[in-house]
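J.:
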Amino acid sequence: MNRRDFMTLLGKAGIGAGLLGCSTENSPTISNAPWGTPPPGLEHLLLPKERRPEGILDLYLMGGICPWDTFYVVPEHGKDKQKFWWTFQEKRQPHHATVQEYFDLCNGDGRSLYEPFAVDAAGQTVNLGPWIYPLRDRPDILKRMRIMVMRHVFEPHGVASPFALCGHPRGTPRMACTGAHVERFFQPRSDNSHRTPHSYVLYSMDSEIAAQFDIHSAASTGLHPASVRPLSLRLNPDNPLPGQLAREHLGGLHEATDDAVAFYLQRFKNAYKFGGRSRALEELFQARQAMSYSGDLINVLTPELLAPVPGQECGFDAPNGVDTTATGLRLAVNLLTRQNARAKHVNFIDSGLINALGAGYDTHDYHVKESSRNIVHTARLLADQINKPGEDDPNKLDLDRHTVLLTTEFGRTPYVEIGKEEGLDHWPFGYVVVAIGGFVDEERAGVVGTINSQGYADPNPSMSFSPSEFRAGMLLAMGIWPFDNEAFAVGDSLHPLQTRAQAAAYLHQEFLGYKL
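Going by my numbering, the residue at position 287 of the sequence shown is 1497; the numbering climbs one at a time, nothing skipped.
#1: Is R1321 helix, strand or coil when you go by DSSP?
#2: Straight-line CA distance for G1320 to D1314?
#3: Have a look at F1298 and N1557 and give me their C-alpha separation to the nearest angstrom.
#4: Can you give me the start and stop residues for the alpha helix (DSSP H) that V1369 sits inside?
#5: From the DSSP secondary-structure annotation, give me the bridge partner or partners of Q1595.
#6: Could you please give me the residues that DSSP links to T1617 through a beta bridge?
#7: Do the segment 1549-1565 and the segment 1288-1298 meet, that is, are 3 or more Cβ pairs less than 8 angstroms apart?
#8: Span of the beta strand (DSSP E) holding N1557?
#9: Is it the case that the Cβ atoms of L1685 and H1408 are separated by a distance below 7 angstroms?
#10: Below 8 angstroms on the Cβ atoms is my guess for A1553 versus Y1410; work out the distance and round it to an integer in Å.
#11: Taking the continuous beta strand (DSSP E) assigned at I1646, which residues delimit it?
#12: Please specify which runs of the beta strand (DSSP E), each continuous and at least 3 residues long, are wholly inside the segment 1498-1575, giving them in chain order.
#13: Between the Cα of D1279 and the Cα atoms of D1668, E1325, H1254, which residue gives the shortest distance?
#14: For the beta strand (DSSP E) that contains I1357, what are its first and last residues?
#15: Checking the sheet assignment: what are the DSSP bridge partners for P1407?
#16: Could you tell me if F1473 is buried or exposed, where buried requires 16 or more neighbouring beta carbons within 10 angstroms of its beta carbon?
#17: Quick one: what does DSSP say G1629 is sitting in, helix, strand or coil?
#18: Per DSSP, what kind of secondary structure is A1328 in: helix, strand or coil?
#19: Quick check on this structure: which residue in A1551, D1575, F1620, E1465 has the alpha carbon closest to the alpha carbon of D1401?
#20: In chain order, what residues of the same chain lie with their CB nearer than 7 angstroms to the CB of G1274, ignoring the 5 residues before and after it?
#21: In whole angstroms, what is the alpha-carbon distance linking G1656 and V1644?
#22: With three or more beta-carbon pairs closer than 8 angstroms as the criterion, would you say the segment 1710-1724 touches the segment 1262-1271?
#23: Between the alpha carbons of V1519 and L1607, how many angstroms are there, rounded?
#24: Taking buried to mean at least 16 other C-beta atoms within 10 Å of its own C-beta, is P1513 buried or exposed?
#25: Which of helix, strand or coil does DSSP assign to F1495?
#26: Quick one: measure Cβ to Cβ for L1256 and G1689, integer angstroms, because I've assumed they're closer than 8 angstroms.
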């Protein structure tokens, strides 16, 4: 879609461009409506309530997964140069791994290495690759799967990770992630009985070795108040959290301690006049108040739920008998499906069954070996946590009620990394993310956008999206207006948009796939 067609589309949607480039949208006005409410007259740009997911599992595959052997296999690309899908089909050296060898090792059981899924925006048939065969085995999942082409320019993890997780570049004051937006939106809309978080961030214990990836930005609040910070949990063996929540060191004097601390904090607070308190003080007061909610979390974050589980895949056992992918998915799904204190958004930062040498899914050295075991494992566990047709297990995800996101900071190069024999480097210029269920019905399933034979996403409108557009679009899917000061601005889009109404219409139609 070129720029002229793009602006025509917005015009047909009733979203004017503004005379001589000047916005015709009314200036923001002070409103008593809770945060995330759209401006008057723009309510129709949110998804209809019946299409909004009740909860989102935001599964972030830390390190950058390769699209060329998972969700975007186009065999016509690179065959004559051993690139893309063909990079590891044959051995360059006798000791090199091939895709077929590891597919057999991972119980491919005679399946084809890839199978057709959908046609992309350029008319290319996009196939699904070997490492996601557990998802391929579930036609009900594929009927609700939307693959979206992404692009940006940041190659280092430390910059790309916060951009992918939050939709904002590192160092931006507005850098708040999806969990903070969701918490801010649902807090005032919930009754007083809901004293547990609406948003959680779960970190694999192995993700700590990759702190340089800046994955901790997933809990960033930006310009939001401290009270909307998602609850962050690290998945460690012998997790001390249940004991900490019980505050056993207080010897049963929880209420008396809370009352005493609240009294002295209030006296301290009263010394400051209205408008004179700093944000740091507000965060102190909020942190202390949140501690009093620990009793509500005891029945949510139980020792049984946090206990590590063993795991193996493709003949490899989880290190030290601890499968953090299985542990994290079990906890995330429980938080989204429990009968009470149910979460709305859980962001699980997954580092795979066994870390690649580059950490997580960062396959600089042994791509086939490391990707096969980690991606097959995650795909299998995820499929097991989604109800099959007619299963109706209340403890599993329901694709009519939940959305699963598979996200990552970038893809991998369509060729072997320079100076390496079996690894792939970072590639943010054309990669994919995936949404399953919830707002994605059968009509919305397929591939949105296109990547060319050089590995670059098409830069034209609706042909690729930025992490900013992705994160804003997911807020819109949940019924949250994303164009407030604490979230996104019109200028965060890759494309020539001039008003918030235009930006929301573009996401509604092109990103989410719903016509106005």
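Don't be surprised by glycine CBs; every beta carbon is placed ideally from N, CA and C.
T.: Quick look at the numbers:
#1: As a working note, residue 1321 is residue 111 in the sequence shown. In this structure, R1321 counts as coil in the three-state DSSP scheme.
#2: Here residue 1320 refers to the residue found at position 110 of the sequence shown. Here residue 1314 refers to the residue found at position 104 of the sequence shown. Approximately 8 angstroms, taken between the alpha carbons.
#3: To locate residue 1298, count along the sequence shown from 1; it is residue 88. To locate residue 1557, count along the sequence shown from 1; it is residue 347. Approximately 32 angstroms, taken between the alpha carbons.
#4: The residue given as residue 1369 occupies position 159 in the sequence shown. Unbroken alpha helix (DSSP H) run through V1369: 1367-1376.
#5: Start at 1 with the first residue of the sequence shown, and residue 1595 comes out as number 385. None; Q1595 has no bridge partner.
#6: One-based indexing of the sequence shown puts residue 1617 at position 407. In the DSSP output, where bridge partners are listed per residue, T1617 has Y1270.
#7: no
#8: By one-based count along the sequence shown, residue 1557 stands at place 347. 1555-1560 is the span of the beta strand (DSSP E), which, as asked, contains N1557.
#9: Here the question's residue 1685 lines up with position 475 in the sequence shown. Here the question's residue 1408 lines up with position 198 in the sequence shown. Against a cut-off of 7 angstroms, the Cβ pair of H1408 and L1685 comes out as no contact.
#10: The residue you call residue 1553 lines up with position 343 of the sequence shown. The residue you call residue 1410 lines up with position 200 of the sequence shown. With 8 angstroms as the limit, A1553 and Y1410 qualify as a contact, their Cβ atoms being about 6 angstroms apart.
#11: Residue 1646 sits at position 436 when you count from the first residue of the sequence shown. I1646 -> beta strand (DSSP E) spans 1641-1646.
#12: Correct list: 1555-1560.
#13: Taking the first residue of the sequence shown as 1, we reach residue 1279 at position 69. The shortest Cα separation from D1279 among D1668, E1325, H1254 belongs to E1325.
#14: On the sequence shown, residue 1357 is found 147 positions in, with the first residue counted as 1. Where I1357 is concerned, the enclosing beta strand (DSSP E) starts and stops at 1355-1360.
#15: Against the sequence shown, residue 1407 aligns to sequence position 197. P1407 is not bridged to any residue.
#16: Taking the sequence shown and counting its residues from 1, the one referred to as residue 1473 is at position 263. Looking at its Cβ environment, which holds fewer than 16 other Cβ atoms inside 10 Å, F1473 is exposed.
#17: Translated into the one-based positions of the sequence shown, residue 1629 becomes position 419. G1629: coil per DSSP, three-state reduction.
#18: If you number the sequence shown from 1, residue 1328 lands on position 118. Look at A1328 here: in three-state DSSP terms it is strand.
#19: Taking the sequence shown and counting its residues from 1, one reaches residue 1401 at position 191. Out of A1551, D1575, F1620, E1465, A1551 has the C-alpha closest to the C-alpha of D1401.
#20: By 1-based counting over the sequence shown, the position of residue 1274 is 64. Taken in chain order, the residues that qualify are Y1571, D1572, T1618, E1619, F1620, G1621, R1622, H1636.
#21: As a working mapping, residue 1656 is identified with position 446 in the sequence shown. As a working mapping, residue 1644 is identified with position 434 in the sequence shown. Rounded to the nearest angstrom, the two C-alpha atoms are 10 angstroms apart.
#22: no
#23: As a working note, residue 1519 is residue 309 in the sequence shown. As a working note, residue 1607 is residue 397 in the sequence shown. Using only the alpha carbons, I get a separation of about 20 angstroms.
#24: Residue 1513 sits at position 303 when you count from the first residue of the sequence shown. With fewer than 16 other Cβ atoms within 10 Å, it is exposed.
#25: Stepping through the sequence shown from its first residue, residue 1495 is reached at position 285. Here F1495 sits in helix by DSSP.
#26: Numbered from its first residue, the sequence shown carries residue 1256 at position 46. Numbered from its first residue, the sequence shown carries residue 1689 at position 479. With a Cβ gap of about 5 angstroms, L1256 and G1689 count as contacting.
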